[in-house]
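For the sequence shown, my numbering assigns the number 5 to the initial residue and increments by one for each residue that follows.
Backbone N, C-alpha and C fix where the C-beta goes; we use that ideal spot for every residue, glycine too.
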Amino acid sequence: MVPRPELIAKPHAHSCDRRDLQPSNEPVTGESSLLKIPNLSLRHSIFMRMIALYLVVVLPIILLSLYLYSWSYNNASDELSHAAESQLAFYLDEMEREITWLELEMFDIMEDVDLRRSSVTWSLLDAVARKNSLNYAMQRLTSIKNSSALIADVCLHLRTAGKTISAKNGIDDLDGAMFHGLYTQALKREGRFLLHGDSLHLVALKLSGMKDTLPLFIVQIQLDDGQLRQSLSRVNLYETSGAFLIAETMDYALTSREEDEPLLTEYLNQRSAGTGAMLIHDWHGRTYQMNHAYSEDLQMSVVTFLPEEEVKRPLGKFKLWAWVYATATLLAVVLYSYISYKKVHKPLLLLVKGFRKMEGGVLDIRIDHNQRDEFGYLYDRFNQMIKRLQNLIEQDFKHQMMMQRAELKQLQSQINPHFLYNSFFILHSMAKVGDLERIEEFTLMIGEYFRFITRNGEDFVRLGEEVHHSRMYTEIQKLRFSRRIKVDFDELPGELEQIKVPKLIIQPIIENAYEHSLENVEQGRLSVSFEVVGKLLRIIIENSGEISDAELEELRHRLKRSSESYEMTGMINIHRRLQLAYGEESGLVLDRSELGGLKVQIQIKLADGEEDHDAQDAHRG
5 MVPRPELIAK PHAHSCDRRD LQPSNEPVTG ESSLLKIPNL SLRHSIFMRM IALYLVVVLP
65 IILLSLYLYS WSYNNASDEL SHAAESQLAF YLDEMEREIT WLELEMFDIM EDVDLRRSSV
125 TWSLLDAVAR KNSLNYAMQR LTSIKNSSAL IADVCLHLRT AGKTISAKNG IDDLDGAMFH
185 GLYTQALKRE GRFLLHGDSL HLVALKLSGM KDTLPLFIVQ IQLDDGQLRQ SLSRVNLYET
245 SGAFLIAETM DYALTSREED EPLLTEYLNQ RSAGTGAMLI HDWHGRTYQM NHAYSEDLQM
305 SVVTFLPEEE VKRPLGKFKL WAWVYATATL LAVVLYSYIS YKKVHKPLLL LVKGFRKMEG
365 GVLDIRIDHN QRDEFGYLYD RFNQMIKRLQ NLIEQDFKHQ MMMQRAELKQ LQSQINPHFL
425 YNSFFILHSM AKVGDLERIE EFTLMIGEYF RFITRNGEDF VRLGEEVHHS RMYTEIQKLR
485 FSRRIKVDFD ELPGELEQIK VPKLIIQPII ENAYEHSLEN VEQGRLSVSF EVVGKLLRII
545 IENSGEISDA ELEELRHRLK RSSESYEMTG MINIHRRLQL AYGEESGLVL DRSELGGLKV
605 QIQIKLADGE EDHDAQDAHR G
């Protein structure tokens, strides 16, 4: 049997007031008078504010870049000087530690017991002992020479033995003149070094302990000029830079490269003339920046020089790129202004023009936009809004009457006399047999049932409450139909319980199935299930009754054309309330059940964003 819902009376037809509709029959375009907006000056437009905001952001960056260039250009030489001076100080510290270690090696030889004994008792030693003593000294000297790359040679001058032992040249006869010269220089020296020949030397004397006598032996270490020159080259910051090593207490100076010796001479001349040593001007058409470090302990200075163009070369690239950046920024401002006008300002003016027409009462308008961007979306929604506004103006009163009649029908159907009579008969039967426990259970369910359907003040309830009410209705019906009707009622997934739905959308359909399809059958079946497909919630209600194809098609037709008719029935009531709350994708879908009867799908489009929730709240209000 097909449900036979009662009809309610048709409301009186009312016409829509069209006094405010003034068709224009032309689309809104952006080609005419776009810059002339009523009550808005160009100074207050969004376009000018966007340009001003862009300049506010960009101009400080440009000014900062210019300041950074000026600051960098003025301070680059100072930074390079500080870096060079730090490197020079480190070089002198390393050299001082190396010289100190060499002096310790010399003092260790001077305090060698075997060498002291040999030098004192040389005349008493036999040939074998003398040879062993000389070989031992040779081994010590060779070990010292191999310990440092700065050593060119290590010599031991034995006065008592008349021998000179060299780690480089072996054993030779003592040169008396050189011995006296070294002794005299060592007594008169002002620093730690002696200048012997063209090289720097470290000299230590082992005195005999007797006044006015020559030392027992002299230890001499000759520094390697080549290794000193190589160590100086490591101080150079650039390929075109160089370094000088200058002994302040003697006439000794060394360059990192032999070709820089003329520049060293010029530097020494300027320093002796008191002209300052920071800059050497116009040396073969170039200006050099000089940096100086001095060691008080070694009484030596290290100087680096760097052509001034090397200092300016990185800054020159920075200056070039600064101008390129400034030019690119100005071009970006112009390009940004043009694009903002074409892509933002003109479309906004087009939209404002459409709203101005709508404010004037012109609703027959349309904005054409062929690009698929945000403005295309806005224009599409504007056109839809205009169309919907026209429909709402025409159907507002109609919809109000339909909602009033639907509410009246809902209130009338909430208390079904047929269901109430049957409930009392069931209660009477249980009272006759004295089944107090079932009477208590049944009265509680009846009370909760009528409390739910008569509860006013809310149009929407939680889906869990709606399902619980419907499940309780089937439990009541089980007492009436005993075992004639089997009910398969699935559990509602927990994540769906809090969804807000219109009140009484499931139980009336179940009630329809009982009254029109299952009441007179010997064995019937009712199924309620739930599923979620994408953003669509489906509540599926099926029964095992009978329905013809013609009757099914008639029901589908009435649901499809429900918006064009004032006639409201139970299923149409639910269908329209769902569509009003959730949109056209929601509502009822009718089909034939695999059980043999009618299959009703309650479809609800789930909200996935705040806009959807707001839309639902608007419908509920």
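Can you grab the Cα-Cα spacing for the pair residue i / residue j, in whole Å?
i	j	result
Phe-485	Tyr-383	59 angstroms
Leu-212	Ala-141	Checking the sequence shown, residue 212 turns out to be Ser, not Leu. So the two alpha carbons sit approximately 19 angstroms from each other.
Pro-266	Lys-172	32 angstroms
Lys-609	Leu-563	18 angstroms
Val-61	Ser-341	14 angstroms
Ala-585	Pro-506	8 angstroms
Leu-160	Thr-168	6 angstroms
Glu-89	Tyr-256	21 angstroms
Tyr-271	Tyr-71	35 angstroms
Ile-509	Asn-374	43 angstroms
Gln-605	Lys-482	23 angstroms
Ile-66	Val-337	12 angstroms
Met-114	Ser-85	43 angstroms
Ile-578	Gly-538	22 angstroms
Leu-154	Thr-269	25 angstroms
Leu-92	Arg-101	14 angstroms
Phe-534	Glu-452	24 angstroms
Ser-427	Arg-565	36 angstroms
Asp-116	Phe-221	12 angstroms
Phe-456	Tyr-477	11 angstroms
Ala-181	Ala-87	47 angstroms
Glu-519	Gly-438	28 angstroms
Leu-106	Gln-231	15 angstroms
Leu-162	Glu-262	37 angstroms
Ile-443	His-432	9 angstroms
Asp-494	His-472	11 angstroms
Ile-397	Met-389	12 angstroms
Tyr-242	Asp-97	22 angstroms
Asp-301	Trp-327	50 angstroms
Asn-150	Arg-317	43 angstroms
DSSP on residue i, reduced to helix/strand/coil?
i	result
Glu-499	helix
Gln-26	Because the pLDDT of Gln-26 is 41, which lies under 50, any placement of that residue in the model is unreliable, and the number read from its coordinates should be weighed accordingly. In the structure shown, Gln-26 sits in coil (DSSP, three-state: anything other than H, G, I, E or B).
Met-304	strand
Glu-588	coil
Leu-594	strand
His-64	A quick correction: the sequence has Pro, not His, at residue 64. Here Pro-64 sits in helix by DSSP.
Ile-543	strand
Tyr-242	coil
Tyr-176	For the record, residue 176 in the displayed sequence is Asp; it is not Tyr. The answer is strand: DSSP assigns Asp-176 an E or B state.
Phe-493	strand
Leu-599	coil
Gly-380	helix
Just to confirm the assignment, what range does the alpha helix (DSSP H) spanning residue i have?
i	result
Val-356	350-363
His-473	467-485
Thr-146	131-150
Asn-516	511-517
Thr-188	180-192
Lys-564	553-564
Leu-119	117-124
Shortest alpha-carbon distance to residue i belongs to which of the options?
i	options	result
Trp-325	Ser-69, Gly-591, Met-54	Ser-69
Ser-245	Glu-313, Lys-192, Ala-297	Glu-313
Asp-202	Ala-251, Arg-376, Val-348, Arg-466	Ala-251
Phe-183	Met-54, Asp-492, Thr-164	Thr-164
Leu-145	Gly-166, Val-117, Asn-136, Gly-174	Gly-174
Met-110	Gly-438, Ile-430, Val-207	Val-207
Val-465	Met-434, Leu-448, Leu-440, Ile-503	Ile-503
Leu-310	Gln-293, Met-304, Arg-317, Ala-297	Gln-293
Ser-521	Trp-126, Gly-365, Lys-603, Ile-371	Lys-603
Thr-308	Gly-364, Ser-235, Ser-127	Ser-235
For the beta strand (DSSP E) containing residue i, list its first residue and its last residue.
i	result
Arg-290	290-299
Ser-237	Looking at the DSSP string, Ser-237 is not in any beta strand (DSSP E); the run it does join, the alpha helix (DSSP H), is 229-237.
Ile-450	Where Ile-450 is concerned, there is no enclosing beta strand (DSSP E), although the alpha helix (DSSP H) it sits in stretches over 440-457.
Gly-538	That residue, Gly-538, is in no beta strand (DSSP E); it is neither H nor E in DSSP.
Lys-504	504-506
Lys-215	No beta strand (DSSP E) holds Lys-215; DSSP gives it neither H nor E.
Ile-369	Taken as a continuous stretch (DSSP letters only), Ile-369 belongs to no beta strand (DSSP E), as it is neither H nor E.
Review point. Are the segment 552-561 and the segment 528-535 touching, with three or more C-beta to C-beta distances below 8 angstroms?
Key: Under the Cβ criterion (8 angstroms, minimum of three pairs), the segment 552-561 does not count as touching the segment 528-535.
Check your understanding: Are three or more beta carbon pairs between the segment 327-335 and the segment 129-136 nearer than 8 angstroms?
Key -> The answer is no - the segment 129-136 does not touch the segment 327-335, with fewer than three Cβ pairs under 8 angstroms.
Review point. Touch check for the segment 533-553 and the segment 512-524: three-plus C-beta pairs under 8 angstroms?
Key: Between the segment 533-553 and the segment 512-524, the count of Cβ pairs shorter than 8 angstroms is three or higher; the stretches touch.
Practice item. Count the C-beta pairs between the segment 485-496 and the segment 384-395 that are closer than 8 angstroms, then say yes if the count reaches three, no if not. Key: With a cut-off of 8 angstroms, the segment 384-395 and the segment 485-496 do not count as touching, because too few Cβ pairs lie within range.
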